[in-house]
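**Q** Going by the working numbering, the first residue of the sequence shown is number 155, and it counts up by one from there.
Backbone N, C-alpha and C fix where the C-beta goes; we use that ideal spot for every residue, glycine too.
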Amino acid sequence: MCGIVGILNRNGQPVDSPLLAYMASALDHRGPDDEGQYIDGALGFHHKRLAIIDLTSGHQPMTSGRFTIAYNGEIYNYLELRDELIARGHEFHTTSDTEVILAMYEAFGPACVERMNGMFAFLLHDRVRGQLFAARDRFGIKPLYLYENRDVVLFASEIKALLRHPAVPAESDPEALRDYLTFQYVLGAGTMFRDIRKVLPGHYLLVDLGTGRLRSRQYWEPNFTIDPYHTEEYFVEQLRALLEDAVRLQLRSDVPVGTYLSGGLDSSIVTMLAARISGVGHDAFTGSFREGPEFDESDYARDIAAACGATMHEIIPTQQEFVALLPRLIYHMDEPVAGPGLFPQYIVSRYAARHVKVVLGGQGGDEVFGGYTRYLVAYFEQALKGAISENNEEAEHIVSLQSIVPNLPALREYVPMLRQFWRQGVFEPMDQRYFRLVDRSGGALSLYTPAYRDSYKVEAIFERFSAVFNHPETKSYFNKMTHYDLVTGLPALLQVEDRVTMAVSLESRVPLLDHRLCDLLTSMPPRLKFQGGELKYALKRAVRPIVPPRIVDRRDKMGFPVPLHLWARGESRDFFGDLLLSRTCRERGIFEAAEIEKLMDYETAFSRRLWGLLNLELWHREFIDAPPAAAGPSQTTFGERAGGSRL
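(1) Would the region 512–521 count as touching the region 404–419 if we require 3 or more Cβ pairs under 8 Å?
(2) Where does P323 land, buried or exposed, given buried means 16+ other C-beta within 10 angstroms?
(3) Note down the Cα distance separating I380 from M678, rounded to an integer number of angstroms.
(4) When you compare each of V434, G433, T425 to Y454 by their alpha carbons, which one comes out closest?
(5) Just the C-alpha distance for G446 and R573, rounded to the nearest angstrom, thanks.
(6) Is it true that the CB of G272 sits closer than 8 Å to the CB of G227?
(7) Consult DSSP for M346 and reduce its assignment to one of helix, strand or coil.
(8) If I'm right that D169 touches L286 with Cβ under 8 Å, what's the distance once you round it to whole angstroms?
(9) Is the region 672–692 close to the region 620–639, with three or more CB pairs under 8 Å?
(10) Is any heavy atom in the ligand NAP found nearer than 7 Å to the beta carbon of E228?
(11) Are at least three pairs of beta-carbons, each pair with one atom in the region 434–443 and one in the region 681–689, less than 8 Å apart?
(12) Given a threshold of 16 other Cβ atoms within 10 Å of its Cβ, counted over all protein chains shown, does K611 qualify as buried or as exposed?
(13) Do A180 and K314 come within 8 Å of each other at the CB atom, strictly closer than that value?
(14) Can R402 and A696 be called in contact, C-beta distance under 8 Å?
(15) Touch check for the region 656–664 and the region 331–349: three-plus C-beta pairs under 8 Å?
(16) To the nearest angstrom, report how far apart T248 and Q214 are at their CA atoms.
(17) So, with DSSP's three-state summary, where would you put E761?
(18) When DSSP labels each residue in this structure, what does Y232 get in the three-state scheme?
(19) Hey, quick one: how far does the alpha helix (DSSP H) through N633 stretch, first residue to last?
(20) With a floor of 4 residues, list each alpha helix (DSSP H) that falls wholly inside the region 271–349, ordered by position along the chain.
(21) Note down, in chain order, each residue of its chain lying with its Cβ closer than 7 Å to the Cβ of V592, except the 5 sequence neighbours on either side.
(22) Between E375 and G356, which are expected to be in contact by the criterion C-beta below 8 Å, what is the C-beta distance as a whole number of angstroms?
(23) Between D188 and R203, is the Cβ-Cβ spacing less than 8 Å?
(24) Out of L359, S250, E253, C266, state which residue places its alpha-carbon closest to the alpha-carbon of L300.
(25) Tell whether a beta-carbon distance below 8 Å holds between L720 and E771.
(26) Excluding five sequence neighbours on each side, which residues of the same chain lie with their C-beta closer than 7 Å to the C-beta of F623?
(27) By Cβ distance, which residues of its chain are closer than 6 Å to M487, with the 5 residues on each side in sequence left out?
(28) If you draw a straight line from the C-alpha of I431 to the C-alpha of E398, how long is it?
(29) With 16 other CB atoms within 10 Å as the buried threshold, where does E387 fall?
(30) So which of A241, E489, Y526 has the shortest CA-CA distance to G418?
(31) List the whole-angstrom C-beta distance separating L277 from A288, where the pair is believed to meet the contact cut-off of C-beta under 8 Å.
(32) What are the boundary residues of the alpha helix (DSSP H) that includes L674?
(33) Using beta-carbon positions only, say whether D194 and H319 come within less than 8 Å of one another.
(34) S452: buried (16+ other C-beta within 10 angstroms of its C-beta) or exposed?
(35) Return the residue from the list S662, G166, R709 that minimises the CA-CA distance to I295.
(36) Going by DSSP, what residue range makes up the beta strand (DSSP E) through S211?
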């Protein structure tokens, strides 16, 4: 895992080496083991290295012949690719996966990324063709950001590095702000910063160094072309084999490897398979809160650790740590993020980094295998609608009212959400219903000032949402929902995964996002993935021989909940109030102070409304009001940052 920065001066001026190093110094946490710089006239790369594979000879930027690369990530099948390239006559001088990428590009050009199984973002210079190749992995596990104007094209692993270039203004983007208030992520390639955008997952760019012109191409996306010929047993056997192979590949490392273990199904699968494949015990890390049993699933985690011989480490984040660390975490995130889970994830990652350098987790399981409870909510309404009207919008009866009833107890903890969902209408078209399910604002426009409400055009936001949701290849409701989450919500969660681990120089790997698993699941008939409305039906069938029944049959899905609502009206109330009710916040003109104060008193468990507002205000203060200085996040006290009296 590493950090990269690239500068291309379109005006032909030589790259300023100190400026390049200054930008890269914002990424010191991503690569504390080594660094290097490459400059060829108007093009320059800087690399910060976290050494995982080939600890002695993997220095970057790396040059082979006419090619030079600065790379962040891991290519898990690099040994297989290396053997193939040797058979073609290629000679290697290191044992690193970096050199394999250079050789793959020499052999296959841009199509090389289609052969790679891994997580990656890299910049590659072809001196003969006068071309820059920039690529990002299929799911966007590793980040890559881009800024351009008529004089420069800039790349970086984190936005904060781009902001250190004098050409880049730290300005908020109004459309992105409305996206965040609705979804708690930004749709498409945009970011919360005006004119800074993401290289999209599954895309690469070709930049002509002579003209500075960029061309973008998508090389992969989830493909929902259904395979109607194979049986359920075939899919289950293929799924089990791919799960084992994905974990096997991602255990490759020259440094110690551990696992995250929440006690949920996804992390339990990864932990059990890691122990089975490696044949030895390993360190497993779990976090829980002491505010109540609804915030603690460590009992399940202990069962899994005992079953596979792992050494379990339990970490207990506290609200005192939340107050002390959140401003710094916002700096590491670059943008406001989805969900307060980033805080306990950081605390667990910080502890894990003291014991291992690589950790495997279950991120992506809900999106790939269909694990979100909102899918069941959506289909419960669809089943009622179909039973009343005696028809089915999807042509094929994936879920009937009769078949879904046994799985409805999974909604027991979601009654407040159901009340809110049905209060806003019922039996509308599928896109409108799912829009309501992913709308994190809960329709609470009263939280915003009248002036801001006037600028918040929900119809325009829905139109952008609908363009993604109604993908032409997704015919079933289930595929529409999972496709939407794979290409929008998942990259937002992976942003958190990357930043909380990189902040402590820890490499996070996500075996459930092996693209072969996704390709298999998207080809499965929806009824085999969601039989009777059972979440993760195919995955559960595949892992029953591996994971204890108590975990497979759990109905109390948690997802690392944070007792934020309790803290907001408890001893940390002043922290929330000093931010959200301050003069600085009021003068921003977005939030209605009186409504925010009510929300602090009456926010419900697991709602994200208060989190979204808190996150956004801290982001404005860290990046827009006072862009980060060379030393990193502001070291002033919280009181100095609060912006004056609440009165």
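**A** Reading from the atomic positions:
(1) yes
(2) exposed
(3) 6 Å
(4) T425
(5) 24 Å
(6) yes
(7) coil
(8) Residue 169 is actually Val in this sequence, not Asp. The Cβ separation is near 13 Å, so there is no contact.
(9) yes
(10) This structure lacks the ligand NAP, and indeed carries no ligand of any kind.
(11) no
(12) exposed
(13) yes
(14) no
(15) no
(16) 12 Å
(17) Note that residue 761 is Ser in the sequence shown here, rather than Glu. Coil.
(18) helix
(19) 631–638
(20) 313–316, 328–337
(21) F337
(22) 6 Å
(23) yes
(24) L359
(25) no
(26) D585, Y588, K634, Y638
(27) R653
(28) 8 Å
(29) exposed
(30) Y526
(31) 5 Å
(32) 669–677
(33) no
(34) buried
(35) S662
(36) Run containing S211: none; DSSP gives neither H nor E here.
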